[in-house]
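The numbering of the sequence shown is my numbering, which starts it at 62 and goes up by one.
Glycine residues also receive a C-beta, built at the ideal position from the N, C-alpha and C atoms.
Please read the structure below before turning to the comments.
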Amino acid sequence: MKVRALLIMGILALSISLLARHPVLHAQINNAKTRLTGNAFTKGEIDKKPRSTFKVDVNLVVVRSSVMDPLNRYVTGLEKEHFRLFEDKVEQSVVHFVQETAPISVGIIFDISGSMKEHFSAAKKSVIRFLENGNERDEFFLISFNHKVTLDADFTNQASNIQNIVSFRTPGGRTALYDAVYMGLDKIGEARHDKKAIIIITDGEDNSSRYSFSEVKELAKEGDVQIYAIAQEGTLQYGKPIIQDLVNLTGGRGFFPHSLNELDYYIDLIHAELRNQYVLGYHSTNKEQDGKWRKIKIKLEPPEGLPKLAVRAREGYYAQKK
């Protein structure tokens, strides 16, 4: 018995020593302990979770971009020489270029507050439509929100599972939009695929969140994810510029129809954009690992004969920090 006791004490001492010398192992254990066990989110639980932020490889910065013509159609077939890329106003050399068809990790953030009642049936059908058009390798999660935010479905490539959940949702309550977006940004950090997007469907102003917009925006800057939003024009007194700021920051896009009965059209536009993007990679000329925000800008030099084109990409990234 003494030998067994000494052996157990030795193992415990070794484990404590390993944790002290290996903070990554310690973080992994803490992450397992703090993983949410229920479907409902709380602000405290999210704040305590270890967060996977967007860390750019020292040797390669990856930027996804969408190109549109004056009629709002996606432009394909461009080559690397048609793009010029700048970081903090310094031109960079593009060393990686491809038109991407990779699988996507998508988070759907669905407003089920009482103000959605009039358009709820159309909104549900549009979410289902997006899922039906997905690639079999894509993965999705679903967050619904009113004054509460709920993870209805964790990451899955079985779109039918989410479709069934959406079908039985009913509207009611106030609108905690910022909380839902914040928690969606946190969740997308667990994605399997490099290409990530969040789609927000809402019709109202935030009136019930504990997170502020500045907190949401800062988290969006830390993550490599494009945010798309469909929000009803007539109900947005203050929310439109806020939503527009968020989607511009991440290289996504905001749509503001006068009626959510037009949802199918905009859902199809988002789906098409996610399948028609260019990926540019470059080695930053700024070798400092200072953790500072670096602005990205892409300029186009299209072939002769093409009209003026518009390009959208995320506005920047945080450099690694020593």
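His87 versus Ile249: straight-line alpha-carbon distance, rounded: Note on His87: pLDDT 31, under 50, position unreliable in the model; the coordinate value appears next. His87 and Ile249 have their C-alpha atoms roughly 22 Å apart.
Residue(s) in a DSSP beta bridge with Lys257: Lys257 has Ser166 as its beta-bridge partners, per DSSP.
Residue(s) in a DSSP beta bridge with Glu161: Glu161 is bridged to Gln338.
Three-state class that DSSP yields for Ile357 in the structure shown: DSSP places Ile357 in strand when its eight states are reduced to three.
Pair within 8 Å by beta-carbon distance, Ser127 and Arg336: Contact: no.
Endpoints, the beta strand (DSSP E) within which Tyr379 is located: Tyr379 -> beta strand (DSSP E) spans Gly377 to Tyr379.
Meets three-Cβ-pair contact criterion under 8 Å: the segment 349-362 and the segment 154-165: Contact between the segment 349-362 and the segment 154-165 is not established, with fewer than three Cβ pairs separated by less than 8 Å.
Strand pairing of Ile291, partner residues [DSSP]: Answer is Ile262 and Phe316, bridged to Ile291.
Same chain, Cβ closer than 8 Å to Val151, neighbours up to 5 away in sequence not counted: These residues qualify, in order along the chain: Thr346 and Asn347.
Boundaries (first-last residue) of the beta strand (DSSP E) holding Thr217: Per DSSP, Thr217 is one residue of the beta strand (DSSP E) stretching across Val210 to Thr217.
Residues that DSSP places opposite Ala374 in a beta bridge: Within the DSSP bridge table, the entry for Ala374 names Ser126 as partners.
Sequence-distant residues of its chain with Cβ nearer than 6 Å to Gly195 (five each side left out): Residues Ala220 of the same chain have their beta carbon placed closer than 6 Å to that of Gly195, with the five preceding and five following residues left out of the count.
Top-ranked residue by Cα proximity to Lys383, from Glu362, Gln350 and His208: With distances taken between Cα atoms, Lys383 lies closest to Gln350.
Contact belief for Ala290 with Ile261 at Cβ below 8 Å, rounded distance in angstroms: Confirmed, Cβ separation roughly 4 Å.
Contact set for Phe274: own chain, Cβ-Cβ below 7 Å, skip 5 residues either direction: Answer for Phe274: Tyr239 and Ile303, listed in chain order.
Beta carbon of His208 nearer than 8 Å to that of Arg235: A distance below 8 Å separates the beta carbons of His208 and Arg235.
Exposure of Gly352, with buried meaning 16 or more beta-carbon neighbours within 10 Å: By the Cβ-count criterion, Gly352 is exposed, with fewer than 16 other Cβ atoms from all chains shown falling within 10 Å of its own Cβ.
In DSSP terms, what Ser205 is bridged to: Answer by DSSP bridge pairing, in chain order: Phe171 and Thr211.
As assigned by DSSP and simplified to three states, the class of Glu251: DSSP places Glu251 in coil when its eight states are reduced to three.
Meets three-Cβ-pair contact criterion under 8 Å: the segment 362-373 and the segment 139-147: The segment 362-373 makes contact with the segment 139-147; the number of CB pairs closer than 8 Å reaches 3 or more.
Which of helix, strand or coil DSSP assigns to Leu121: Residue state, collapsed to three classes: strand.
Beta strand (DSSP E) segment containing Val286, residue limits: Element bounds for Val286: n/a, residue is neither H nor E.
Touching by the beta-carbon criterion (3+ pairs, under 8 Å), the segment 322-331 and the segment 184-200: Yes: the two stretches touch, three or more of their Cβ pairs being nearer than 8 Å.
Distance CB(Pro318)-CB(Asp130) smaller than 8 Å: For Pro318 and Asp130, no; Cβs fall outside 8 Å.
Start and end residues, beta strand (DSSP E) containing Val151: Where Val151 is concerned, the enclosing beta strand (DSSP E) starts and stops at Val151 to Gln153.
Residue-level contact to chain B via CB, Ser176, 8 Å cutoff: Of the chains in the structure shown, none is chain B; there is only one protein chain.
Cβ-based burial, Lys257 [other Cβ within 10 Å; buried from 16]: Under this definition Lys257 is a buried residue.
Short Cβ contact (8 Å threshold) for Leu212 with Phe171: No, the pair does not count as a contact, with Cβ atoms beyond the cut-off.
Helix, strand or coil at Lys301 [DSSP, three-state]: If DSSP states are grouped into helix, strand and coil, Lys301 belongs with the helices.
Secondary structure of Val136, DSSP reduced to three states: It is coil, neither helix nor strand.
Whether Val122 touches Tyr339 by CB criterion (8 Å): Taking 8 Å as the Cβ cut-off, Val122 and Tyr339 do not qualify as a contacting pair.
Three-state secondary structure assigned by DSSP to Asp329: Reduced to three states, the DSSP call for Asp329 is helix.
Limits of the alpha helix (DSSP H) - the one that Arg271 falls within: Neither: Arg271 is in no alpha helix (DSSP H) and is coded neither H nor E.
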